[in-house]
Structures are given as structure tokens and as C-alpha cells.
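Visitor: Take a look at the following structure, please.
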Amino acid sequence: MASSNAFQLIEGTGGKEFIQTLLGKMTLAEKIGQLCQVNAGDNHIPDNLHNDLKEGLIGSVLNQVDVKLVNELQRIAVEESRLGIPLLIGRDVIHGFKTVLPIPVGQAATWNPDLVRKGAEIAAKEAASTGVNWTFAPMLDISRDPRWGRVAESLGEDPYLASELGEAMVNGFQGENLSDIGSIASCAKHFAGYGAAESGRDYATTNIPENELRNVYLKPFHSAVNAGVTAVMTSFSDVNGIPATANEFLLRQVLRDEWLFDGFVVSDWDSVKQLSTHGLTENDKESAFEALSAGVDMEMASYTFRHHLSSLVAEGRISEELIDQSVLNILGVKYALGLFESPYTDPDSLSSIANPYALGIARQSARESIVMLKNDNKALPLIESKLNSLAVIGPLADSAYEQLGTWIFDGDPDLSITALEAIKNRAGDEIQVNFHSGLETTRSRDTNSFDEVSRIAKDSDAVLLFLGEESILSGEAHCRADINLPGVQAQLVENVRKCGKPVIAVIMAGRPITLTNIIDQVDALLFAWHPGTMGGAAIAELLFGDESPSGKLPISFPRHVGQIPIYYNQKNTGKPPSDKAIVHIDDIDPLAPQTSLGMTAFHLDEGFKPLFPFGFGLSYTVFKYENIQCDRYEMKIGESITVSADLMNTGEFEAEEIAQLYVRDLVGNVTRPVRELKGFRRVHLTPGQKKTVSFEIHSDDLAFYDRNQKLIVEPGEFRVWIGGSSYAELETGFRVIN
Ligand code: NOJ
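When you line the sequence shown up against the numbering used here, it's residues 1 to 738, in that order.
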């Protein structure tokens with residue numbers, strides 16, 4: 001696996017000497033050219049782009065995926081420019097390319113790093129066959145606010161899970177060797193804190209205390225850097241008063257000085273120019289000055305570097321050495337990718353797009369990402385022998401495009417298997433499938449077809465309701481203030497409920513949805529995110545019980561939007577709430593309104609718990625955890641301890657469980673979360689089978705940034721839980737000593 005950064009990757013290959021020599025031959029204009037990334041023309045190479053490439057004024061092009069045009073771009077750069085420096089070709093290959101995998105938050109619900117790695121590997125291979133050599137993924141922004149549309153592209157709310165899966169993605173994209181055919185450079189984004197946008201409005205201001213930034217938001221980025229990610233993209237947001245794109249603390253102190261990152265930093269789209277819009281700079285020239293000085297190596301889309309860096313150098317405000325460093329950072333990655341040796345792409349050199357292996361991984365990924373949130377009276381799995389007919393209702397039952405989710409520039413809806421197709425296929429001639437979309441879109445408010453839907457529901461043995469959000473409702477700039485099911489979908493559920501048949505909801509969405517208003521109206525609920533190309537096939541497999549659902553939530557599902565932010569690894573507060581001490585608004589004692597309230601941290605109308613907690617997900621079987629133990633009570637700093645528990649499948653279904661390990665540090669130099677995920681594992685168990693799950697905790701795993709922002713491991717008492725969600729009850733403890 002990739003285990004080092006750009007310069008380290010070219011260490012000992014002659015690469016360092018090569019790029020130094022090349023740098024020595026470059027004019028200032030050519031150097032600045034390497035720092036500029038521009039958008040490609042549509043179906044041709046415009047003359048101005050051709051000329052700029054010839055002059056060596058461009059280091060990278062994004063958004064061209066026609067292999068002939070990509071090869072032509074490379075040809076111009078390599079053969080027509082003075083120094084022949086090849087191009088980085090960037091693209092948002094976020095969750096698959098032609099074969100679309102579940103959206104990243106769905107992939108996070110698999111809790112399966114190996115599968116996530118394989119997904120990224122497939123995406124890289126398919127993208128590389130068009131000449132793309134750099135993806136703008138993974139997005140590692142910790143997301144505690146499901147109103148934010150980019151939750152879809154995130155790996156959820158937890159720094160540990162996001163770190164493990166982010167690292168897997170980096171390894172998948174970059175492969176064993178960046179220079180291998182089919183490997184592409186990856187880019188950890190958006191550095192940093194983008195997910196903390198106020199009120200979940202994209203691009204909005206973020207204010208994150210440094211300690212929180214270090215203990216939560218920066219963790220997945222640090223892991224990605226350690227895993228050898230080659231690029232880092234800045235965030236659009238203002239972070240504590242300084243936009244991330246001009247944030248020297250983040251880009252130099254943390255990223256370079258502390259983490260020793262030696263790849264390159266790219267801005268987000270126009271985010272250098274936007275420094276003026278933020279009100280940080282007066283004009284483009286000052287924006288270029290601030291961004292480069294802060295540590296941005298490459299400017300995406302806007303032209304402030306191109307227009308102003310040379311005068312800033314001439315005026316002595318920016319040294320040529322600083323520019324040289326940025327150029328070397330970029331050339332190092334180009335060298336590591338092997339572009340100087342082979343800049344061109346042979347489209348036939350890679351296995352075909354959407355081949356059976358890719359579709360198989362997409363299917364497994366969709367299957368493992370689906371989280372069963374409710375299953376009363378064994379409504380699922382469907383038992384074919386007991387069914388004569390099935391109603392399939394809803395706007396997302398047969399939507400090849402919508403099931404793919406956000407960021408699917410290159411995704412091919414023609415490859416999609418929809419739920420309706422898969423169910424019909426599965427039902428064969430034995431079970432009559434009665435379909436009605438019910439609503440034209442998920443946002444529709446037209447109830448005209450509800451009578452017809454009721455008739456179909458009454459005529460069927462069970463109702464499958466496919467609800468949720470179209471892909472347009474999540475992703476960049478697609479945020480919502482109300483995260484209930486949009487339109488009149490809740491009424492559709494109510495209407496169908498009245499028909500007296502088992503109601504099974506399958507929800508496809510780009511974010512957690514507040515399900516409080518429908519959860520009691522359905523017998524079972526599968527949350528499928530946007531499951532990608534093979535989504536329908538995976539859903540049918542679970543509905544019919546070929547396999548058990550096994551996904552677990554990578555983000556809490558609030559009861560009500562007003563609870564946001566709500567996340568499991570919160571601090572205890574001085575007045576922690578408890579089930580025993582909450583009072584509902586309807587139960588306030590009129591005679592003692594003050595004293596009856598309990599005086600703890602809860603909402604009078606919604607309590608303090610989410611509807612479904614982080615880590616939660618049901619199975620067709622029943623898993624029982626018992627006998628938690630540590631191999632010893634005390635461990636010294638520098639040592640490890642092993643915590644284990646027995647996990648037994650006490651139900652009747654062969655299934656996989658995601659066993660989770662949580663830790664609480666009871667007393668800290670800064671207050672510590674009530675629980676923190678420190679380990680997880682997928683465990684396969686046949687009925688009656690028992691396995692011991694063990695997790696090793698090294699004292700370093702317990703490290704945190706203290707009030708002086710130093711990473712420390714403190715001696716003291718720890719509680720530890722093993723179980724099937726962040727509400728795991730099986731508990732023991734250990735002590736760390738000096
Ligand atoms: C803006 C987005 O914020 C970023 O994530 C993406 O990679 C770039 N545009 C390039 O498309």
C-alpha cells in the first residue's frame with residue numbers, strides 16, 4: 001500500500017535530482033504556470049488553452065475525460081512546450097466513475113475499509129482509462145450536520161471511522177505504486193473544518209476552537225497524510241476568521257511543519273479569488289499574495305496567481321524560493337505518477353469499464369451500506385412462498401439516475417439496476433408486482449394518485465415504498481433546513497398504512513432524514529442512501545433475505561432538525577441528561593414548573609437522544625454480546641491492552657455484525673467525549689455460532705491534544721464498551737499508568 005508522500009515516493013529514484021534540474025531550467029513564468037489549474041474546454045481544445053499549454057503556462061487541467069482530448073492536451077504540453085512538462089488531469093471521481101458506488105456516506109455505513117479500498121481502486125482504474133490522473137477525493141470533512149448537503153460526500157461524524165475509511169480510499173486510488181497503470185493521485189479535502197458550516201449552509205462560516213479542530217476535524221486528514229495522500233485541497237470556508245485558503249496556521253504550521261506533508265496543496269474552485277469576497281483582501285493581487293504565502297501551491301480555476309505572482313516577485317513581496325517550493329511539490333507528484341516517462345493513456349491498456357468485477361464490488365458495497373432501522377414482527381425478509389403479489393410504490397422505485405446520488409459526472413445511468421427491475425426479476429412469474437410511482441418526484445405535492453395507490457396496496461400482500469430524496473437535494477450547495485422527507489411523502493406513507501398491509505419503506509437519500517413522523521407508520525425500514533449502479537440489485541437481495549442487512553449508521557439520525565448538531569461523541573457537560581430526569585413539555589407540573597424540569601442538558605420537546613444513534617443497524621438475526629474483559633487492568637504508557645467480548649448469533653439467520661469498541665477517558669487535561677470509537681470489525685456468524693472479538697488498544701490510541709495543543713497520553717481511568725452501536729452496554733474498565 002502507499003505509505004509515503006510524494007517526495008518520499010520519489011526518494012532514491014533519481015526523481016528529486018530530475019525535478020531540481022528541471023526547475024533550474026524554468027523561467028519564472030513557467031514556474032508560475034505549474035501553479036495554475038484551468039478548466040478544460042468542452043469537446044475541443046480552445047486556441048487560448050492550446051497557446052497557454054505551448055507557453056508552459058498551465059500545470060493542470062480539470063474536467064476533461066475524453067481520452068483523445070486528454071492525450072492531445074498532454075501532447076501539446078509535452079511536445080510543443082519548451083520544457084515538455086506533462087499535465088495533471090483532475091476530475092471529481094468521488095464514488096466511482098462509470099460504475100457508481102454508493103455515495104461516500106453510504107460507503108461509510110459498510111464500516112468495511114477493504115471494500116472501500118476496492119471501490120476506490122475500481123474508480124481509479126476506470127478514470128485512468130480516460131487519462132485522468134488525479135481525483136479530488138476523499139472528502140474527509142467530519143459532518144455533524146445533516147442539513148449540510150455535502151454530508152452525502154462525507155464519511156460521517158466520527159474521526160476514527162473517517163480516518164480508517166479515508167485511508168482505505170487513498171490506498172485504493174493510489175494503489176501499490178502511483179506510477180502503476182490504473183493508479184491515480186488522490187486529494188484529501190477540504191482542509192479544514194468545512195463540515196462545521198454554520199446552520200449547515202454550504203460555504204458558511206466555521207468557528208472551531210483549536211482544541212476541537214485538532215481532536216476531531218483534523219484527525220482524518222492527518223491519517224490521509226500518513227497514508228501518503230499526494231494532494232490536499234483547501235476549504236471554501238472562513239475558519240475562525242481566516243478563510244482556509246489563506247490560513248497559514250492550517251497550511252503551513254499543521255500540514256507542513258507538524259505533519260511533514262510534502263505533496264501539494266490546491267485551492268478549491270475560485271477560492272483564492274474569493275478571498276476578496278470574504279473581505280480578507282482588497283483585490284486579486286492581494287488574494288494571490290495571501291494564498292501563496294499561506295501555503296497554497298496550485299490555484300484552481302481563478303487566475304490570480306497567473307496575473308499577479310510575477311509582479312509580487314518583482315516587488316520582493318514573494319520570494320522566488322517560495323514559488324520554487326510550490327513548483328517542486330507539484331513536479332514531485334508528476335514524477336511519482338510516472339508522467340514524465342509515460343504521459344499518454346492507452347485506452348485499451350485497462351480492463352473494460354463496468355466489468356463484472358466492478359459491478360460485483362458495487363453490488364457488495366451497496367448491500368453492506370444499507371442500514372435496517374426497523375423490522376417489527378419480522379416484516380422482513382419477504383418470504384416468497386407466502387406472497388402472491390407485491391405493491392412497489394414510490395418515486396424512487398425505478399429511477400436509474402436518482403439512485404446514483406450526487407457527483408456522478410461520469411456515472412452511467414444506463415448501467416443502473418433499479419429496485420423495481422430487480423424485484424420483478426426476483427419475483428418471476430410467481431409473484432405479481434404492482435407498480436405505481438405515487439408521486440412524480442420526492443418533492444411533489446400532488447396527491448391525485450393516492451386513491452389509485454391505495455387500491456394497488458389493498459390488492460397486494462405487502463407494500464414496498466421507495467421514498468427519499470432525489471440526488472439534486474444533496475451534494476455541494478444543496479442544503480436543506482428541513483430534513484423530513486420532502487413533499488407529501490409522509491402523507492403517502494399514512495395513506496398506504498391505512499390499507500392494512502405490511503408496509504416496508506426503503507429510503508434513498510443523500511443525508512440522514514428525520515424519520516420521526518413516519519417510523520411508527522411502517523413495519524420495516526431500510527435506509528439505502530444513494531446506493532449507486534447496483535443499488536436495486538442489492539436492495540432486492542436484502543428484501544428477499546438472500547443476505548441480512550449489515551450496515552451501521554456512520555452518522556446520528558436526529559429526531560428533529562432542532563437537535564442538530566447531535567453526535568455520539570459529545571462532551572458530558574456539567575449537567576448531563578439521563579432517561580430518568582427528563583420532562584416532556586406536555587408534562588411540566590403546573591404547580592412546580594421550575595423544580596420539575598430536571599435542570600439538565602435536554603430539549604423539553606425532544607429529550608436528548610437521536611432517533612437512531614451512531615453505529616446502529618439491525619439484522620435479520622439477533623446478536624448477543626457477553627463476557628467483556630481486558631487482559632489486565634493496568635497498562636503503562638507505551639504498552640497495549642487487549643479488550644475482548646464474546647459475540648454470539650442467537651437468531652436463525654447467517655449474518656455479519658459490525659462489532660464496535662468505544663472508550664471513555666474519565667478525566668482529562670481538557671474534557672473528553674462521553675465515548676469515542678476506537679475499533680470495529682465485521683464478524684460473520686452462522687446461527688448458534690460464537691466468536692470472541694478482541695481489540696488491541698495501544699496507549700497511543702488514547703492520545704489527545706491538551707489545553708496547550710500538545711498531543712499527550714494521560715494516566716488515568718478509562719471505561720470501555722464492546723457492542724453493536726454507540727449505545728453498547730457491555731462495559732469494563734482499565735487504567736493507564738506512568
Ligand atoms: C468545488 C468543490 O468544493 C470541490 O470539492 C471539487 O473537488 C471542486 N469544486 C472541483 O470540481
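Virtual Cβ for every residue (Gly too), placed ideally from N, Cα, C.
Report yes if the CB atom of Gly615 is closer than 7 Å to the CB atom of Lys552, and no otherwise.
Guide: yes
Visitor: In this structure, does DSSP put Ile539 in helix, strand or coil?
Guide: helix
Visitor: Name the two residues that bound the continuous alpha helix (DSSP H) containing Asn291.
Guide: Reading off the sequence, residue 291 comes out as Ala, not Asn. Taken as a continuous stretch (DSSP letters only), the alpha helix (DSSP H) holding Ala291 covers 284-294.
Visitor: At a cut-off of 6 Å, would you count Asp284 as near ligand 3, judging by its Cβ distance to the nearest heavy atom?
Guide: For ligand 3, the structure offers nothing, since it holds only ligand 1.
Visitor: Is Phe608 a contact residue of ligand 1, with contact defined as CB to any heavy atom under 6 Å?
Guide: no
Visitor: Measuring alpha carbon to alpha carbon, tell me which residue in Pro531, His684, Arg201, Gly607 is nearest Leu396.
Guide: Pro531
Visitor: Return yes when at least one heavy atom of ligand 1 lies under 6 Å from the C-beta of Trp269, else no.
Guide: yes
Visitor: Got a sec? Which residues, its chain only, sit under 7 Å from Val622 by beta carbon, not counting five neighbours each side?
Guide: Excluding positions up to five away in sequence, the list reads Thr650, Gly651.
Visitor: Within 10 angstroms of the Cβ of Thr573, are there 16 or more other Cβ atoms? Answer buried if so, exposed if not.
Guide: exposed
Visitor: With 16 as the cutoff for other CB atoms within 10 Å, does Ile423 come out buried or exposed?
Guide: Buried, since its Cβ has 16 or more Cβ neighbours within 10 Å.
Visitor: From Arg497 to Ala108, what distance separates their C-alpha atoms?
Guide: 32 Å
Visitor: Can you list the beta strand (DSSP E) stretches of 3 or more residues lying completely in the region 427-486, in chain order?
Guide: 432-436, 462-468
Visitor: Please find out if some non-hydrogen atom of ligand 1 comes closer than 6 Å to the beta-carbon of Phe136.
Guide: yes
Visitor: In chain order, which continuous runs of the beta strand (DSSP E) of length 3 or greater are located wholly inside the region 59-121?
Guide: 60-62, 88-91
Visitor: Under 7 Å between the Cβ atoms of Leu35 and Ser235?
Guide: For the pair Leu35 and Ser235, the CB atoms are not nearer than the 7 Å cut-off.
Visitor: Name the two residues that bound the continuous beta strand (DSSP E) containing Arg367.
Guide: Per DSSP, Arg367 belongs to no beta strand (DSSP E); it is in the alpha helix (DSSP H), 356-369.
Visitor: Assign Glu341 to one of two classes, buried (16 or more other C-beta atoms within 10 Å of its C-beta) or exposed (fewer than that).
Guide: exposed
Visitor: Compare the Cα-Cα distances from Gly263 to each of Ser287, Val232, Ala291, His278 and report the closest residue.
Guide: Val232
Visitor: Given this structure, state the Cα-to-Cα distance separating His436 from Asp410, to the nearest angstrom.
Guide: 29 Å
Visitor: Per DSSP, which one or two residues make a beta bridge with Lys673?
Guide: Residue identity differs from the one stated: residue 673 is Pro in this sequence, not Lys. Looking at the DSSP output, Pro673 shares a beta bridge with Lys571.
Visitor: Regarding Asp52 and ligand 1, is the C-beta to nearest heavy atom distance less than 6 Å?
Guide: no
Visitor: In whole angstroms, what separates the C-alpha of Lys571 from that of Thr671?
Guide: 7 Å
Visitor: Does the beta-carbon of Ile737 have 16 or more other beta-carbons within 10 angstroms, so that it is buried, or is it exposed?
Guide: exposed
Visitor: Using only the heavy atoms of ligand 1, determine whether one of them is closer than 6 Å to the beta carbon of Asp238.
Guide: no
Visitor: Whole beta strand (DSSP E) runs in the region 628-692 with 3 or more residues, listed along the chain?
Guide: 634-636, 640-649, 655-665, 676-685
Visitor: Given this structure, state the Cα-to-Cα distance separating Met1 from His560, to the nearest angstrom.
Guide: For Met1, the predicted structure reports a pLDDT of 37, less than 50, and the residue's modelled location is therefore unreliable. A value from the coordinates is still provided. Between Met1 and His560, the alpha-carbon positions lie close to 42 Å from each other.
Visitor: Look up Tyr705 in the DSSP assignment and say whether it is helix, strand or coil.
Guide: Three-state DSSP puts Tyr705 in a strand.
Visitor: At a cut-off of 6 Å, would you count Asp410 as near ligand 1, judging by its Cβ distance to the nearest heavy atom?
Guide: Outside the cutoff, so no.
Visitor: Measuring from the CB of Asp92, is there a heavy atom of ligand 1 at a distance below 6 Å?
Guide: yes
Visitor: Check this for me: beta carbons of Val38 and Ile58, under 7 Å apart or not?
Guide: yes
Visitor: Should Thr130 and Val93 be called a contact, given that it needs their Cβ atoms to be closer than 7 Å?
Guide: no
Visitor: By Cβ distance, which residues of its chain are closer than 8 Å to Tyr217, with the 5 residues on each side in sequence left out?
Guide: Asp141, Ile142, Pro159, Ala192, Gly193, Gly195, Ala196, Ile208
Visitor: By the DSSP assignment, the alpha helix (DSSP H) with Thr130 in it spans what residues?
Guide: Element bounds for Thr130: n/a, residue is neither H nor E.
Visitor: So, for Asn495: in the same chain, excluding its five sequence neighbours on each side, which residues have a beta-carbon less than 7 Å away from its beta-carbon?
Guide: Phe450, Val453, Ser454
Visitor: Would you decide whether Arg363 is buried or exposed? Buried here means 16 or more other CB atoms lie within 10 Å of its CB.
Guide: buried
Visitor: Is Glu299 buried or exposed, if buried means 16 or more other CB atoms sit within 10 Å of its CB?
Guide: So Glu299 ends up on the buried side.
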